[in-house]
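Visitor: Starting off with a structure, shown below.
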Amino acid sequence: MNVINDVGILALSTRLQRLSEQLRKDGALIYEAFGIDFEPKWFPVIFTLHQKGTLSVVEIANEIGYTHPSTISLLKEVEKIGLIKSKKDKSDERKRLILLSPRGQELVNKMQPVWQLIAQVLGEISDNTNNLLKAIDEAEDKIAQQSFLQRALQQKNTTAL
3 MNVINDVGIL ALSTRLQRLS EQLRKDGALI YEAFGIDFEP KWFPVIFTLH
53 QKGTLSVVEI ANEIGYTHPS TISLLKEVEK IGLIKSKKDK SDERKRLILL
103 SPRGQELVNK MQPVWQLIAQ VLGEISDNTN NLLKAIDEAE DKIAQQSFLQ
153 RALQQKNTTA L
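Counted from 1, the sequence shown has number 146 at position 144 by my numbering; the numbering is strictly sequential.
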């Protein structure tokens with residue numbers, strides 16, 4: 003054990019980040035093992051466009067739960083390597099619509115069996131007495147009702163620190 007594991011709930015964010023980094027690193031190695039040049043950080047954009055088709059930048063940000071600036075940064079990166087393309091919205095010239103490029107669609111077709119494998123393995127990893135995915139869903143629901151910050155400030159106001 004280390005101090006971060008020993009401290010318990012206080013290090014929740016650190017431990018989630020550590021777990022996330024491990025999953026991303028191994029995810030990249032899984033793609034590499036299948037001969038697929040793909041970064042796990044691109045997954046939310048590529049999968050969302052695969053599922054939903056053509057979307058605006060705001061719609062993608064809402065779907066993946068990222069801030070608008072983070073989404074734009076990610077979209078630029080994925081567009082630069084040719085997995086997505088953009089076009090102007092005919093009804094609103096200011097709005098950019100994003101969709102998978104033919105290369106992106108081809109990559110998705112190649113990745114679908116790998117995604118099935120990844121889902122199966124992640125299912126095994128998260129299938130514990132305290133189901134990880136269910137716990138994350140519950141925590142996200144609570145945060146959606148009242149943020150971490152709001153809860154902390156409320157506690158601060160009701161207790162003398």
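Even for Gly, the Cβ is constructed at its ideal location relative to N, Cα and C.
1) I'd like to confirm the pairing. Which residues does DSSP put opposite I100 in its beta bridges?
2) Check whether the Cβ atoms of I62 and T73 sit closer than 8 Å, and answer yes or no.
3) Rounded to whole angstroms, what's the CA-CA distance from G125 to E23? Just pull it up for me.
4) Compute the distance between the beta-carbons of F40 and L119, then report whether it is under 8 Å.
5) Rank V60, D94 and E65 by C-alpha distance to the C-alpha of P71 and give the top, closest one.
6) What would DSSP say about G37, mapped onto helix, strand or coil?
7) Measuring CA to CA, which of Q147, F36, Q152 and N111 is closest to F49?
8) What is the C-beta distance between I100 and I86, in whole angstroms, given that I count them as a contact (C-beta under 8 Å)?
9) Please say whether R96 and S88 have beta carbons closer to each other than 8 Å?
10) Could you give the distance in angstroms between the alpha-carbon of I127 and the alpha-carbon of A35?
11) In three-state DSSP terms, what is D94?
12) Take P46 and list the residues in its own chain whose beta-carbon comes closer than 6 Å to its own, dropping the five residues that flank it on each side.
13) If I follow the unbroken alpha helix (DSSP H) through S75, where does it start and stop?
14) Going by Cα to Cα distance, which pick from R105, R20 and L51 is closest to I38?
15) Where does the unbroken alpha helix (DSSP H) through V5 begin, and where does it stop?
Guide: Checking against the coordinates, here is how it stands:
1) Here residue 100 refers to the residue found at position 98 of the sequence shown. I100 pairs with L57 and S88.
2) As a working note, residue 62 is residue 60 in the sequence shown. As a working note, residue 73 is residue 71 in the sequence shown. Yes, the pair counts as a contact, with Cβ atoms nearer than the cut-off.
3) Working through the sequence shown from its first residue, we reach residue 125 at position 123. Working through the sequence shown from its first residue, we reach residue 23 at position 21. Distance between the alpha carbons of G125 and E23 is about 18 Å.
4) Looking up residue 40 in the sequence shown gives position 38. Looking up residue 119 in the sequence shown gives position 117. Cβ distance not < 8 Å, so F40 and L119 don't count as in contact.
5) The residue you call residue 71 lines up with position 69 of the sequence shown. Ranking the options by Cα distance to P71, first place goes to V60.
6) Here the question's residue 37 lines up with position 35 in the sequence shown. Coil, per DSSP.
7) The residue given as residue 49 occupies position 47 in the sequence shown. Looking at the Cα atoms, N111 is the closest of the given residues.
8) One-based indexing of the sequence shown puts residue 100 at position 98. One-based indexing of the sequence shown puts residue 86 at position 84. 6 Å between Cβ atoms; contact.
9) By one-based count along the sequence shown, residue 88 stands at place 86. By one-based count along the sequence shown, residue 96 stands at place 94. Not in contact: S88 and R96 (Cβ atoms no closer than 8 Å).
10) Position 125 of the sequence shown, counting from 1, holds the residue named residue 127. Position 33 of the sequence shown, counting from 1, holds the residue named residue 35. If you take the alpha carbons of I127 and A35, they lie about 20 Å apart.
11) For this step, residue 94 is matched to residue 92 along the sequence shown. Looking at D94 - three-state DSSP - the assignment turns out to be coil, as it is neither helix nor strand.
12) Translated into positions along the sequence shown, residue 46 becomes position 44. Excluding positions up to five away in sequence, the list reads I66.
13) As a first step, residue 75 must be located in the sequence shown, where it is residue number 73. Looking at the DSSP string, the run of the alpha helix (DSSP H) that includes S75 is H70 to K82.
14) Locating residue 38 in the sequence shown gives position 36, where the first residue counts as 1. Checking every option, the nearest Cα to that of I38 belongs to R105.
15) By 1-based counting over the sequence shown, the position of residue 5 is 3. Element bounds for V5: V5 to D8.
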